[in-house]
Amino acid sequence: MNLDKNKPKRLLAPLFRPDRLDATGKRKRRTAAALAGLALAMVGLSFAAVPLYRLFCQVTGYGGTTQVAEAAPTPSERRVAVRFDANVAAGMPWAFEAPKPVELALGESGLVAYKARNPTSRPILGTATYNVVPAKAGVYFNKVQCFCFTEQLLMPGEEKEFPVTFFVDPAIEGDPDLKGVTTITLSYTFFDKGTDALKQYMASNGIKAANLKDDSDAQP
Amino acid sequence: MKFPTRLFAAASVAIVATVLVPATAPAHSLKDVQQDLFDKEQYFQVKNEPAADFTLQDADGEPFRLKDLRGKVVVLHFIYAGCPDVCPLHADRIGEIQEMVNITPMKDRVQFITVTTDPKRDTPEVLRDYAEPHGLDPTTNWVFLTSGPDRPGDTTRKLAEKFGHKFIVTDDELQIHSVVTHVIDQNGQWVANFHGLGFEPTNLVVFINGLTNANVPHKEPEPPSLWSRIRSMF
Chain A
30 MNLDKNKPKR
40 LLAPLFRPDR
50 LDATGKRKRR
60 TAAALAGLAL
70 AMVGLSFAAV
80 PLYRLFCQVT
90 GYGGTTQVAE
100 AAPTPSERRV
110 AVRFDANVAA
120 GMPWAFEAPK
130 PVELALGESG
140 LVAYKARNPT
150 SRPILGTATY
160 NVVPAKAGVY
170 FNKVQCFCFT
180 EQLLMPGEEK
190 EFPVTFFVDP
200 AIEGDPDLKG
210 VTTITLSYTF
220 FDKGTDALKQ
230 YMASNGIKAA
240 NLKDDSDAQP
Chain B
785 MKFPTRLFAA
795 ASVAIVATVL
805 VPATAPAHSL
815 KDVQQDLFDK
825 EQYFQVKNEP
835 AADFTLQDAD
845 GEPFRLKDLR
855 GKVVVLHFIY
865 AGCPDVCPLH
875 ADRIGEIQEM
885 VNITPMKDRV
895 QFITVTTDPK
905 RDTPEVLRDY
915 AEPHGLDPTT
925 NWVFLTSGPD
935 RPGDTTRKLA
945 EKFGHKFIVT
955 DDELQIHSVV
965 THVIDQNGQW
975 VANFHGLGFE
985 PTNLVVFING
995 LTNANVPHKE
1005 PEPPSLWSRI
1015 RSMF
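Here the protein sequences line up with chains A and B, keeping their order.
Read in order, the letters of the first sequence correspond to residues 30 to 249 in our numbering.
Read in order, the letters of the second sequence correspond to residues 785 to 1018 in our numbering.
Written out as structure tokens, the structure is:
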């Protein structure tokens, strides 16, 4: 804003109080700028209303909004051992290997990787279920990244790592049923989804049956 | 004018940042599983209504009530032993699902229930002998229920009708009925149907797994105060 007194600028200046011209003009400009800013802020807020309301609900729990963890909270002093278990269902020929156990403070993030290998000469589509033992600890076991439920294709002879990022919510300390729990087990079981699901997966991902044996680099 | 200008600029940045930050959704939640099955599994149907409660009896005459299974996922279906075509295949499928579930820690969190719609002819002996040929394991989490001899013969058929079935009983006492596997969650809510025999067994197992992980019974810890929640935002 130009405040130079030598330039003509007082289009709206009062006629009878020339001595108050400068002060009045400044005030009016301030008011106009403030009003313009207010109008812009209101437009901005109207766009921000939905995310702001969501944020409000997340902070306050208002309306029953689930508390979604984006990152591990501040670690606490209590430590817990996390073991990993890997299983395959009957008829699933994959070699599925669990990572070694880790010990973490509550709230501390852990990163491990399961490993699976398809030793057969045919592609296999798998899907994994997971469980936390003891079951009651499941609600405090937060997986930021995991491979559960997602269909996984392994080509003949292909080996793949499946990372899991997790933390144990320090809120577990407030649960009287889990006071003495020092070890939590994360268990995965891989199932063969079968030929029909494999064909459907290949078709929807543009993998041609003729390419399956040669194209061992194909990824799901 | 510097102060309002800066304030306005800061407010604008904050608003833009708030608008642009994407809302996070929990990965691999029950909702994700439902959506995934809805997209891929043509025989999957989402339901959301309280399951009709029932008290029936097992092969030993012991009463068995649905309400007593709160905290467990229930897989329920209706057949009768004299059924010549789809019922044995349906029982085979349930046996297959039970085997898949029972190799995982879900074993203690799921109950499989088969209900006969022909209580007159499906005597306790028939109920007991039905398991083995169909790969069903009565020693763990599967049970074959009947209304028993003292109640009207159509008691379980009327129950099945509450789950959406329709029966046509022919002159030679064959029952023509639909083939549906019902899933009831830990709170007694009827949450899904898997229709027919063409659904992919792993899809039902994955759905059960989504339920067992979503509805874990636990005591709520003391919630943090509003002030500490707001403070944690910064």
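From the three backbone atoms N, C-alpha and C, an ideal C-beta is built for every residue, glycine too.
Any chain B beta carbon closer than 9 Å to residue i
i              : result
G136 (chain A) : no
F191 (chain A) : no
G223 (chain A) : yes
N116 (chain A) : yes
G186 (chain A) : no
F178 (chain A) : yes
Q229 (chain A) : yes
V162 (chain A) : yes
Y143 (chain A) : no
T53 (chain A)  : no
A124 (chain A) : no
Inter-residue Cα distance where the pair is residue i and residue j
i               : j               : result
G139 (chain A)  : Y169 (chain A)  : 14 Å
Y827 (chain B)  : P148 (chain A)  : 32 Å
D221 (chain A)  : T156 (chain A)  : 7 Å
G92 (chain A)   : N832 (chain B)  : Residue placement at G92 (chain A) cannot be trusted, given a pLDDT of 48 that sits under 50; what the coordinates show is reported in the next sentence. Straight-line Cα distance between these residues: approximately 20 Å.
N1028 (chain B) : G209 (chain A)  : Nothing can be reported for residue 1028 (chain B), as the shown portion of chain B is limited to 785 through 1018.
L207 (chain A)  : K950 (chain B)  : 47 Å
E180 (chain A)  : L154 (chain A)  : 7 Å
N234 (chain A)  : L1010 (chain B) : 47 Å
K851 (chain B)  : N925 (chain B)  : 16 Å
E126 (chain A)  : E190 (chain A)  : 10 Å
Residue interval of the alpha helix (DSSP H) (run including residue i)
i              : result
N234 (chain A) : First-last for N234 (chain A): undefined, no H or E at that position.
E880 (chain B) : 870-886
N993 (chain B) : 985-998
K831 (chain B) : Note, K831 (chain B): premise wrong, no alpha helix (DSSP H); beta strand (DSSP E) at 828-834.
L821 (chain B) : 814-824
Whole-Å CB distance - residue i paired with residue j, under 8 Å assumed
i              : j              : result
A252 (chain A) : Y217 (chain A) : The structure shown does not extend to residue 252 (chain A), since chain A spans only 30 to 249, so no value can be given for it.
E984 (chain B) : A119 (chain A) : About 16 Å; that fails the 8 Å criterion.
G855 (chain B) : Q973 (chain B) : Wrong, their Cβ atoms sit about 13 Å apart, outside the cutoff.
F219 (chain A) : V117 (chain A) : 5 Å
G879 (chain B) : L920 (chain B) : 4 Å
A124 (chain A) : R146 (chain A) : 5 Å
Q841 (chain B) : G932 (chain B) : 5 Å
Element boundaries [beta strand (DSSP E), containing residue i]
i              : result
A944 (chain B) : Note, A944 (chain B): premise wrong, no beta strand (DSSP E); alpha helix (DSSP H) at 939-946.
D913 (chain B) : Where D913 (chain B) is concerned, there is no enclosing beta strand (DSSP E), although the alpha helix (DSSP H) it sits in stretches over 908-914.
I968 (chain B) : 964-968
F195 (chain A) : 188-197
D221 (chain A) : 212-221
R905 (chain B) : Element bounds for R905 (chain B): n/a, residue is neither H nor E.
The ligand ATP heavy atom lying under 8 Å from the CB of residue i
i              : result
D906 (chain B) : Of ligands this structure carries none, so the ligand ATP is not represented either.
C-beta neighbour in chain A for residue i, strict 9 Å
i              : result
K824 (chain B) : yes
D816 (chain B) : yes
D820 (chain B) : yes
Chain A contacts made by the region 886-909 of chain B, where a contact means CB separation under 9 Å: I887, T888, P889, M890, D892, R893
Under 7 Å (Cβ pairs) to chain B, residues found in the region 197-221 of chain A: Correct list: A200, G203, D204, P205, D206, S216, T218, F220.
Selection of the region 983-1000 of chain B by Cβ proximity to chain A, strictly under 9 Å: E984, P985, T986, N987, V989, V990, I992, N993, G994, T996, N997, V1000
Where the region 846-857 of chain B meets chain A: residues whose CB sits under 8 Å from a CB there: Against chain A - using a Cβ distance shorter than 8 Å - the region 846-857 of chain B contributes no residues.
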